[in-house]
Ligand SMILES: [Zn+2]
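Chains as they are written, first to last, in our numbering: chain A, 83 to 249; chain B, 5 to 126.
Right, here's the structure in full:
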């Protein structure tokens, strides 16, 4: 692994860590069990656009495990994993298709993140009543996804200028 | 830069989600009973129009306290780590629920008729 790539990983993981911490201290307005808004998706989407799908996946998993051990528990880690994997899958597919900008890709990521978590929650409590939360989660995924996508686009244009992550 | 497809995607998601919320709001009815399930198994069914307090506890010392008062159900106390169930507002419409994920407890409102069917099929 090149030094530059290592540095990029380090920087992105640090950023993800900070975002996860911020998220852990903000209470969500609608108390929906086990759901996190997924601010750290910013880091995953930056990695996806600057480095590639594989790197984005590694980053997402490393972040989830690290953050899970630091701020969460095994059960919260399970939610993050489900959300992280579904979100990654949707974002990679959307990026491949090339029809969306970073914002569109990120919106799909946000929705995947929330849907993955609610599916695990349904499985954990063994009760399908949780499906009634889905419309609200779609909207929250849309809003955070759009915000993250636009922030990510602004950041990547700046990074590209500095040439930092070109491997 | 934002592309046209981003906006189409946003529009589709908004329409689906808002339509679902609108449908749920317009068709919602007052519930009749409170059904408490633990790990998917019915633990207790209580009428919504009788004021009661129910302790939902297990052998490991995990507990939730459900309070039914003035036709509304709320989780007033719990020793789960996240306390999301306690923060949840009180519920009374059909299909509304309060979930305690760490304890796998679901408190859900049903209209009385549905629960009768459940009792027969069970
Ligand atoms: Zn709880």
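C-beta atoms are modelled at their ideal positions from N, C-alpha and C, and glycine is treated no differently.
| Query | Result |
| --- | --- |
| Under the three-state DSSP convention, the category residue 123 of chain A falls into | helix |
| Coarse secondary structure for residue 84 of chain B, derived from DSSP in three states | coil |
| Neighbour flag for residue 99 of chain B against chain A, beta carbons, 7 Å | yes |
| Closer than 6 Å: residue 82 of chain B CB and nearest ligand 1 heavy atom | yes |
| Three CB pairs or more closer than 8 Å across the segment 207–214 of chain A and the segment 173–182 of chain A | no |
| Selected residue, minimal CA-CA separation from residue 206 of chain A, among B/85, B/43 and B/5 | B/43 |
| Contact under 7 Å by Cβ, residue 189 of chain A with residue 163 of chain A | no |
| Among B/66, B/19, B/95 and B/64, the one whose alpha carbon lies nearest that of residue 79 of chain B | B/95 |
| Best match in A/121, A/233 and A/186 for proximity to residue 9 of chain B [C-alpha to C-alpha] | A/186 |
| Residues within the segment 179–196 of chain A neighbouring chain B, beta-carbon criterion of under 8 Å | 181, 182, 183, 185, 186, 189, 190 and 193 |
| Contact belief for residue 223 of chain A with residue 192 of chain A at Cβ below 8 Å, rounded distance in angstroms | 4 Å |
| Contact list for the segment 34–46 of chain B against chain A, Cβ threshold 7 Å | 41, 43 and 44 |
| Residue nearest to residue 34 of chain B in terms of C-alpha spacing, selected from B/41, B/53 and B/17 | B/53 |
| Which listed residue (A/128, A/118, A/103 and A/121) has its alpha carbon closest to that of residue 93 of chain A | A/128 |
| Proximal residues of chain B, C-beta to C-beta of residue 123 of chain A below 7 Å | By Cβ distance, chain B contributes nothing, its closest Cβ being about 16 Å from residue 123 of chain A, past 7 Å. |
| Residue 48 of chain B: first and last residue of the uninterrupted beta strand (DSSP E) it sits in | 45–51 |
| Close Cβ partners of residue 235 of chain A (< 8 Å) along its chain, the five nearest in sequence each way excluded | 183, 184 and 185 |
| Residue 105 of chain A to residue 51 of chain B span [Cα, whole Å] | 38 Å |
| Pairwise C-alpha distance: residue 105 of chain B and residue 125 of chain A | 28 Å |
| Residue 79 of chain B (DSSP reduced to helix, strand or coil) | strand |
| Helix, strand or coil at residue 242 of chain A [DSSP, three-state] | helix |
| Close Cβ partners of residue 160 of chain A (< 7 Å) along its chain, the five nearest in sequence each way excluded | 202 |
| Any chain B beta carbon closer than 7 Å to residue 211 of chain A | yes |
| Presumed contact (8 Å Cβ cut-off) between residue 114 of chain A and residue 219 of chain A, rounded CB distance | 7 Å |
| Residues within the segment 23–34 of chain B neighbouring chain A, beta-carbon criterion of under 8 Å | 24, 25 and 28 |
| Burial state of residue 240 of chain A (16 or more Cβ within 10 Å) | exposed |
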